[in-house]
Each structure stands twice: as C-alpha cells, then as structure tokens.
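In order, the protein sequence lines correspond to chains A and B.
Per full-length UniProt numbering, residue 1 is the first one in the first sequence, and the count goes up by one each step.
Per full-length UniProt numbering, residue 1 is the first one in the second sequence, and the count goes up by one each step.
Each residue gets a CB set at the ideal place from its N, CA and C atoms; glycine is no exception.
The model shown is predicted, which means the values in this text are computed figures rather than measured ones.
Protein chains: 2
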Amino acid sequence: MKIVCIGSGNVATHMAKAFEENGADIVQVWSRELVNAQALANEIGAQAISDLKLVDKYADLYLIAVKDDAIAKVAKELKEINGIVVHTSGATDMEVLAGFKNYGVFYPLQTFSKQQPIDFIHVPLCLEANTEENMSALQLMAMKLTPLIYEVETKKREVLHVAGVFANNFVNHLYQLSHQILKKNDLDFELLRPLIMETAVKVQDALPEDVQTGPAVRNDKKTILKHEELLKRTPHLQEIYKNLSNSIKKSK
Amino acid sequence: MKIVCIGSGNVATHMAKAFEENGADIVQVWSRELVNAQALANEIGAQAISDLKLVDKYADLYLIAVKDDAIAKVAKELKEINGIVVHTSGATDMEVLAGFKNYGVFYPLQTFSKQQPIDFIHVPLCLEANTEENMSALQLMAMKLTPLIYEVETKKREVLHVAGVFANNFVNHLYQLSHQILKKNDLDFELLRPLIMETAVKVQDALPEDVQTGPAVRNDKKTILKHEELLKRTPHLQEIYKNLSNSIKKSK
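Written as structure tokens, this is what we have:
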C-alpha cells in the first residue's frame, strides 16, 4: 500500500508513523515548508516535497492531515488523482473533497501530542467514504492500525467532535484550573495525578452518571458554600464552580 | 496494630479492607445500622457494633469515616479513648476532634466506588496530627498502605478538596455531558473512552496548561461557532460550552 501524507503536524506525524510501522509505504510527505516535510520524511524514509504538483499520482491513499481551514485549498491543488483522498478532520464535511473520484474521511478520535508516542490500538478511527467500495478499502487500511473502526457520517462525526471537546479539551482545562488552585497554595499538582487517573479509569466500564460523586450530586449545601467562600478571591474559578455544581444538580 | 472503624460506607470499607490486607487488625466496625456494620465486619473478621458505648478502649487507631456532618456528633459519643482518633474528611477541620488527647486527620485524596477495588499504592494520604509524635505514628500507619504520604494542614487540605472537586467531580460531569451529546445522536459512549483515558494519561508527566488542545486555545472562531450552533437545541450544554471556551481563552 502506497500512501502520500499531506501535512507534517501532530496528526500527520502520528498517522504516517503508525502506517509505516504497520507495513504501509509512505512514499511522500508534503508540507508548505520543505524543512517541516523533511523532518517527518526522514523519520519514515519518504520523499519530502513542498509543491503539490509533485505529488505521486499512483498512491493508494492520500492522507490530508492539515489544519481544517487549509483542507479545501490543498484539495484544489491536487490534480489527476485516482487513489482515495481522505481528510482526518472531525469538524469538516466529507464533501469538501467531492472534486475527487474516490474520497472519504479518516478521523482519529484521539488527542495527539508531539512528544508522546501513542499506540494506535487505542485510537478509534471514524471512517466515511463516497462509495461502499471505498468504505471497504478504507476499512482494510484502518485495520492495519486499530481494531476500533467505526463508520460515522459527517453529521455524526461533527457531533462526536463536540463531545470530544467536552471529554478532552474541557476536561484538560479543569485539570489546569485545579492546578491553579493548588499553585496559589503551594501545593504540588503531583497530589492530584492519581485522582485524575482513577476518574478516567472509573468510566472505562461504567457510565459517568452512575459514578458521579461530590458535594453537588448529594446536594451538600454546607460544603458547597464553604468551597465558594474559599474561591471568593478568584471570582473566575468561583463562577465555574457554581455553574458546574448547578449543572450537576440539574442532571440528577 | 488494632483499629476501630467508625463507619461502613465507601471510604470506611476501602480503608478497613486495605488495612486488614496489610497486616493491621480491624477489631470493630461501627455503624448506626447494625446490619451495615455487620456486612463490612464479616468481610474482615471484625466485631460489628451499633452502639458507640461498646467501642473497644484499647485500639491504636480510631478511624472515623462517616459523612462530614456526622463527624462531630460521633466524636462526642466516643469516651475514654487513648489511641489516636482521626477523621478521613477533606473538608472538615481537625479541631472537630480536639476533645481527644490524640487526634488527627487521615484524608485519602482519591475517589472510591463500592464496586471497584482500588490499589492503595495509588492513593495519596494527607495527614495532620495534633502533636509531632502523633504525626510520626500516623505516618508509620499510612506507610502500610501507600508510599504517597503528605503532611497537609487543615487550610491546605480544604484547598486540596476544592481542587479535587474540579479534577474529579467536575471532570466526571463533563464525561456525563459528552455522553448526553452522543446519546441524542445514537452514538455510543464507547467511542470516547480511549480519548478520556489518554487525556488523563497525558497529564501524568506533563502539566495540563502545556498540553491544552482544541478550538478555544487556538482561537479557531469558525469551529467554535459551528459547535455552538450544533448545541443550540440544548441551551444548557451550549452555555457550558461558551463558559469553558472563554475560560480557556482567558487562561492562555
């Protein structure tokens, strides 16, 4: 299987490496800046390019992993492609690729960071394709990386993306706020790390609504007032405390 | 080491079992309802009691693990105790136990659920004591359970408790909201579980502010507007989306 990787950022890097490790051949890496393409290309033995006119016309898969805003633009510059062209975005309509004969979406529902390697068997891949045949082809490719393969159409993928913002971006922000609270009082973030892990572990085989604990869910007004008092010098934190406590009470 | 366990709820159960497994002797379990005391006592070979007058006077440790509101009341009924009396609450002043000669706090900074066993080596124990001697004694007892031992005075413990509400209760609530979003669109919560795990894993050796991702932190207005539009039929979720996105932008 021959793959052209369009992009050299976080997602591109992790996916290209995962494909390479699992027997696919990344033939080219494109980036607007040749030096960025080169960095990834060197790691996986691919050719680095910065001109989309140089893209190999005979690959099986063209993986567009660039910023959402850039997908349409990059797609427009790709000419005479027969292989399947996919983007990897949660928030972008598949039809942005409708100019190709074979196209689809290859959306990894996971958070990637440059430093941290990730095992793709823990990365759900949400697939969409313009034909059943292309869906089958994408599934075969996805199976090289993970058993967690889902067929998800554009509308549902967008919903999934919003849910991911709650479960990842917002959750991480709450970690950050808890760190702020500790810092102001010379307490180490280290203290909270086991609690953070256990909170995530708990919902791996339970539903969050069945394991909710804390003062809000048991309507412990005394503790809630005490906490609001403790946060009065950081009104921004106090407001979030009130909002989320109320949301918990309403969700019971 | 002889321990009397006052309480038979979640925290009492996990701590009593952990002590028993690590060579301590739980001699009695008290609960207002004898049947509740009996359930835990049977599991760990202790005597069940429902009358505080029957409490063994010669234990080394009296572990009060009852609801915050009940701690003072229970403490008042305990007479002629020489061993160390501790409560396990994050939000309660140590001085509620000032009627005893030897007293302190033994606060496990972790979330417990009845069903799920937990390895105490991942439970930070925050200790406080009325004398240095009692602190040393509590540290020796805590070392039976975990290497994660911290000396934390009442004021800081209360701060820790608030931070824990953000990192655990509120985080779990966000999991629940993401589940709500998926459910409305016939998507399975299963899809988000790997993302939830990775989000927690990521901050085990990084700080949350260094790994924040998503549309809010990169100020991707187009995606934010799209998400708000998607949530317009659930104004409650839309409001939380706006609040937390703004908080992320402000925290940059």
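Between E198 of chain A and chain B, the shortest Cβ-Cβ separation is below 7 Å. In the structure shown, A129 of chain B falls within a strand segment according to DSSP collapsed to helix, strand and coil. The three-state secondary structure of Q115 of chain A, taken from DSSP, is coil. The Cβ neighbour count for K202 of chain A, taken over all protein chains shown within 10 Å, is at least 16; the residue is labelled buried. By the neighbour-count definition (other C-beta atoms within 10 Å, threshold 16), S136 of chain A is an exposed residue.
For D25 of chain B, the enclosing beta strand (DSSP E) stretches over residues D25 to W30.
Among the bridge pairs identified by DSSP, F106 of chain B is matched with B:L127. Remark: C-beta atoms of F100 of chain B and V123 of chain B do not approach each other more closely than 7 Å. For T111 of chain A, the nearest CB of chain B lies under 7 Å from its own CB, placing it at the interface with that chain. For the pair T223 of chain A and E133 of chain A, the Cα-to-Cα distance works out to about 58 Å. Taking 7 Å as the cut-off, the beta carbon of I71 of chain B is found closer than this to the beta carbon of T92 of chain B. By alpha-carbon distance to E190 of chain A, the top candidate from B:A200, B:E190 and B:V217 is B:A200. Residue-level contact check: V162 of chain A touches chain B, since one or more beta carbons of chain B fall below 7 Å from its beta carbon.
DSSP, read as helix, strand or coil, puts V66 of chain B in coil.
Selection A:V55, A:A216 and A:E21 evaluated against I248 of chain A yields A:A216 as nearest (Cα-Cα).
Against chain A, a Cβ distance below 9 Å from P124 of chain B picks out E190, L191, L192, R193, P194 and L195. Around S50 of chain B, the same chain offers W30, S31, R32, E33, L34 and A37 as residues with beta carbons nearer than 8 Å, after the five sequence neighbours per side are excluded. Using a Cβ-Cβ cut-off of 7 Å, N130 of chain B does not count as an interface residue toward chain A, since no Cβ of chain A sits closer than that to its own. For A163 of chain B, there is no enclosing beta strand (DSSP E); the enclosing alpha helix (DSSP H) covers residues T154 to G164.
Ranked by Cα distance from K67 of chain A, the first of B:K144, B:D220 and B:P235 is B:D220. Distance from the CA of L145 of chain A to the CA of I118 of chain A, rounded to the nearest whole angstrom, comes to 11 Å. Using a Cβ-Cβ cut-off of 7 Å, L177 of chain B counts as an interface residue toward chain A, since at least one Cβ of chain A sits closer than that to its own. Taking CB atoms only, L182 of chain B has a neighbour in chain A less than 7 Å away. For Q212 of chain A, the three-state secondary structure derived from DSSP is coil. The alpha carbon of E128 of chain B has as its nearest neighbour, out of B:I149, B:F120 and B:T111, the alpha carbon of B:I149. Not a single C-beta of chain A is nearer than 7 Å to the C-beta of G90 of chain B. Interface residue (Cβ-Cβ distance to chain B less than 7 Å): G214 of chain A is classified as such. Contact of N36 of chain A with chain B is not assigned, every C-beta pair being separated by 7 Å or more.
According to DSSP, residue pairing for V217 of chain A in a beta bridge does not occur. Counted as a single uninterrupted DSSP element, the stretch harbouring H14 of chain A is not any beta strand (DSSP E) but the alpha helix (DSSP H) occupying residues N10 to E21. For the set A:E95, A:Y62, A:T234 and A:E151, the Cα lying nearest the Cα of F19 of chain A is the one of A:Y62. Between Q110 of chain A and L195 of chain B the beta-carbon gap is near 6 Å, inside 8 Å, which marks them as a contact. The residues E228, L231 and K232, in chain order, have a CB closer than 8 Å to that of Q238 of chain A in the same chain once the five nearest residues on each side in sequence are set aside. Shown here, Y58 of chain A sits in coil according to DSSP, grouped into three states, outside any helix or strand. Around the beta-carbon of M143 of chain A, fewer than 16 other beta-carbon atoms lie within 10 Å, marking it exposed. The alpha carbon of N42 of chain B has as its nearest neighbour, out of B:K17, B:D60 and B:G23, the alpha carbon of B:K17.
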